[in-house]
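Read through the structure below, which is laid out as structure tokens, and then see the notes.
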Amino acid sequence: KMKLNYTQLPIKAHYFFFMAAMGPILPFLPVYGKQLGISAIIMGSITAILPILFLIAKPTFGFLVDYFHTWRKSIFIMLLATTSCCYIFMYFLPILPGPILPDHTFTNVSCDILPYCSSKDISSPDLCTGIKNTMCHWSCTNKNFSMSIQFQAINEKVNFSSNSTCIIDKNATLYCTHSSNCNVTCDNFENKHCLYTSVTFWGFVFLMSLGNIGFNVGNSISDAICFDILGKILKKLGFGYTFTFCFVCYALRLGLISLASTPWWVIPIELFMQGPTYALCYTTIVAYASKVAPPGTSATVQGIVAGMDDGFGFAIGSLIGGILYKLFGGVTTLRIFSSIAIVTAFLYFILYVLYLKDRTPGTKNNVDWKTPEEAQKQCTVADS
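Here you go:
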């Protein structure tokens, strides 16, 4: 008969609902950035910097949790609230200052009806409020030519009319005479300067960074609060054999994905392999760090280890994976990492059996706690 541990039920409910809420958010942040017009290079640079911030933030908050031990739950709740607020505030980011001009091509237009721009309009176009100077290439029935046009967006739309479009080139009369039913293609409507200097862009970067940092640090501190929940696998196999098992599962997971013929096959592979790979491995890493940590430094050591995993390791893995993907493609890259995982499992198993198993340092569970007076009698105290 299954027994329900009501003491641990709240933290289990937290993990269930919190991870369920983060599931639709984290994978789509880059998609939201793309919708704002952020280039792939800028988005990649942001995600490359974030792991470094994780590496700094996790040990820092781990130290705070250890130092303010009685406030650790309050700090954890504060991190959760901050993370949630950051993602909520993204909804209130202001609209981009410049209009989104999706189409550079216009059909069946004529320049006969367009007025000439004034000297003031030509000298100081306000690029970030919808006014744009650009070169347009005209393909008409009897002639082809190019000339500069100034557009002004009305209700975030651009069209050829006397109210929103004017001709910059004063010599355009030679071209525009009897030039009707033309197809026009204009250069470079997109203005990245307006995007990357806008409150919307920097607000997105700030909220995304702060939200991701809070999410990752919250995971580490929540592990520190309830780390006695390790599961039957850790109790049965121990840390060393569990690490080996995780590496083998990673090799199997990556190998199976490389064999998937369609994306539909990836779904069941990820469904069944996410648990014994990332979840179990992460739990084992932070649990082992907690076990070997000196008394009173559990969250600090866990923060350092988790920061190396999600920070330094993530950054290095992303860099190497990106290079291999560009050179060899996705299938070969997955098989290379699968091979690395199985070799790592074998090497760690040999190292653990021959060396680490008998030389693992004593854990804090073996510490014999003494009163301050007893500790002074048994320890050498420096003279003041």
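In terms of this note's numbering, the sequence shown opens at residue 770 and continues consecutively.
Ideal Cβ placement from N, Cα and C applies to all residues, glycine included.
Just so we're clear, the structure is a prediction, and the values are computed from it rather than from any experiment.
Taking only beta-carbon atoms, is residue i less than 7 Å away from chain B?
| i | result |
| --- | --- |
| T966 | The structure shown contains no chain B, having only a single protein chain. |
Indicate whether residue i and residue j have their beta-carbon atoms separated by less than 7 Å.
| i | j | result |
| --- | --- | --- |
| S908 | N952 | yes |
| S933 | Q919 | no |
| T1066 | D835 | yes |
| I794 | Y856 | yes |
| A1029 | S1107 | no |
| S917 | D938 | yes |
| V1055 | A1062 | no |
Go to residue i, then tell me how far its alpha helix (DSSP H) extends in each direction, as first and last residue.
| i | result |
| --- | --- |
| V800 | 798-805 |
| M1042 | 1032-1042 |
| M788 | 778-791 |
| I882 | Unbroken run through I882: none, as it is neither H nor E. |
| T1011 | 1001-1028 |
Apply the 10 Å Cβ neighbour rule to residue i and answer buried if 16 or more other Cβ atoms are within range, or exposed otherwise.
| i | result |
| --- | --- |
| G1044 | exposed |
| D1078 | buried |
| F1041 | exposed |
| D997 | Note on D997: pLDDT 43, under 50, position unreliable in the model; no value is reported. |
| L824 | buried |
| C854 | exposed |
| P820 | buried |
| P828 | buried |
| A790 | exposed |
| K901 | buried |
| G1131 | For G1131, the pLDDT reaches just 47, beneath the cut-off of 50, and the residue's location in the model is therefore unreliable, although a value from the coordinates is still provided. Flag for G1131 reads exposed. |
| T1046 | buried |
| I846 | exposed |
| T1011 | buried |
Taking residue i as the reference, which of the options has the closest Cα?
| i | options | result |
| --- | --- | --- |
| F875 | F1118, N950, F1008 | N950 |
| E1039 | S1027, S1030, R1022 | R1022 |
| T910 | Y1121, N877, Y784, T776 | N877 |
| D1127 | G1009, Y784, N774, L773 | G1009 |
| T954 | C905, P799, A1062, V1122 | C905 |
| F970 | Y784, M812, G792 | M812 |
| F830 | L848, Y775, I815 | L848 |
| Y761 | W1033, L1006, V1035 | An answer regarding residue 761 cannot be provided, because it is not within the stretch 770 to 1153 covered by the chain. |
Along the chain, where does the beta strand (DSSP E) that runs through residue i open and close?
| i | result |
| --- | --- |
| K901 | 900-908 |
| I936 | 934-936 |
| V1122 | No beta strand (DSSP E) contains V1122, which DSSP labels as neither H nor E. |
Answer yes if the stretch 1044-1059 comes into contact with the stretch 794-806, meaning at least three C-beta pairs across the two stretches below 8 Å, and no otherwise. no
State whether the stretch 1113-1125 contacts the stretch 1015-1030, with contact taken as three or more CB pairs (one from each stretch) at a distance under 8 Å. yes
Check whether the stretch 836-850 and the stretch 1101-1108 touch, using three or more Cβ-Cβ pairs below 8 Å as the test. Judged by Cβ distances under 8 Å, the stretch 836-850 makes no contact with the stretch 1101-1108, as fewer than three pairs qualify.
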